[in-house]
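Notes to accompany the following structure.
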Amino acid sequence: MYDLEDTIRARRSTRLFLRDKPVPKELVIEALDLAVRAPSNSNIQPWRVVFNSGPARDRLVEALLEEATKGDPKVPPLPEEFSHFRRDLGAILYGTMGVPRHDAAARRIAVLRNWEFFRAPLGAVVCMHRDLDYVDALGVGMFLQTFMLALTARGIGSCVQVSIAGYPEVIREQLGITEDMRILCGVSIGYPDPSFAANTLDVPRSPLADNVTFRET
Numbered sequence: 001m002y003d004l005e006d007t008i009r010a011r012r013s014t015r016l017f018l019r020d021k022p023v024p025k026e027l028v029i030e031a032l033d034l035a036v037r038a039p040s041n042s043n044i045q046p047w048r049v050v051f052n053s054g055p056a057r058d059r060l061v062e063a064l065l066e067e068a069t070k071g072d073p074k075v076p077p078l079p080e081e082f083s084h085f086r087r088d089l090g091a092i093l094y095g096t097m098g099v100p101r102h103d104a105a106a107r108r109i110a111v112l113r114n115w116e117f118f119r120a121p122l123g124a125v126v127c128m129h130r131d132l133d134y135v136d137a138l139g140v141g142m143f144l145q146t147f148m149l150a151l152t153a154r155g156i157g158s159c160v161q162v163s164i165a166g167y168p169e170v171i172r173e174q175l176g177i178t179e180d181m182r183i184l185c186g187v188s189i190g191y192p193d194p195s196f197a198a199n200t201l202d203v204p205r206s207p208l209a210d211n212v213t214f215r216e217t
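If you read the sequence shown in full-length UniProt numbering, its first letter stands for residue 1, the second for the next number, and so on.
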C-alpha cells in the first residue's frame, strides 16, 4: 500500500500485461469499494462496469480483432487544435517501443493490441445510462481515477482505452450490454510486463499555466 502522493505519481498507462498472471478478484473488489466513494451529481453513481476474463474475455478479444480487420473504430476524431497531443504521444510511445515511424506493419501490430486489452487477463467496459449528460460523465471519470489509483496501490496496472468503445455493436453482443447504456471506454487490468519498455514511460504533462488560471483581484 502506498502513500497517496506516491500512488498518484506511480500510476501510468500499462500497455502490455502478463497474460498468464491473473488478478485476484478480492483485490479488484477492494479497489471498487474505494472507487464507489467518488463524488457524483446527486449521488446517482452513474458508473456501470462489466468485467470480462477467462473464456468471456477471449471471445470478446477474438470478435474485436475480427471487426478491426473490417474497418476503423467509431471513435470521434480530435479537433485539429488538439490533434498534436495524439501525434506527440504516439511519437514518444512508438519511440520507446522501438517502432520506427515508417514501419507500418509494426505499428499495425501495436495498434491491434488495443483490442486485445494489451493482453491483460482482466478487461472492463465502462458504461453510463444514455439519458445522463456531461456532468454525470464527470462522476464516471472520478470513479475511474479512484479505481485505478486503488489498483496501483495494490501493485496492479491499468489502462483506460477509448478504442475499445469504437466497436459498440461487438461489445453489446458479447457482453449483453443493453441499448440504454452508452459505452464510454474500456479498461485493461493486470500485472505490467516488466520487459516492455513502454510500461515505464512517464508521459510529460503540460505546464500548469497552460490549463489553470488563478483570479485573485
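Quick reminder that beta carbons are idealized off the backbone N, C-alpha and C, glycines included.
Kindly indicate the opening and closing residues of the beta strand (DSSP E) around residue i.
i, result
"VAL49", "48 to 53"
"VAL187", "181 to 190"
For residue i, count the other beta carbons within 10 Å of its own beta carbon; 16 or more makes it buried, fewer makes it exposed. Which is it?
i, result
"PHE143", "buried"
"ASP136", "buried"
"ALA105", "exposed"
"GLY123", "buried"
"residue 226", "The structure shown does not extend to residue 226, since the chain spans only 1 to 217, so no value can be given for it."
Give the range of the alpha helix (DSSP H) segment to which residue i is assigned.
i, result
"ALA124", "Premise fails: ALA124 lies in the beta strand (DSSP E), 122 to 129, not in any alpha helix (DSSP H)."
"ALA31", "25 to 35"
Please state whether DSSP places residue i in a helix, a strand or coil.
i, result
"GLY155", "coil"
"SER13", "strand"
"ALA38", "coil"
"GLU5", "helix"
"GLY71", "coil"
"SER206", "coil"
"THR178", "coil"
"ASP88", "helix"
"VAL99", "coil"
"residue 218", "Nothing about residue 218 can be reported from this structure: the residues present for the chain run from 1 to 217 only."
List the residues that DSSP assigns as beta-bridge partners of residue i.
i, result
"VAL160", "VAL187"
Round the Cβ separation of residue i and residue j to the nearest angstrom and send it over; I've been treating them as touching at under 8 Å.
i, j, result
"MET128", "TRP47", "7 Å"
"VAL162", "VAL75", "6 Å"
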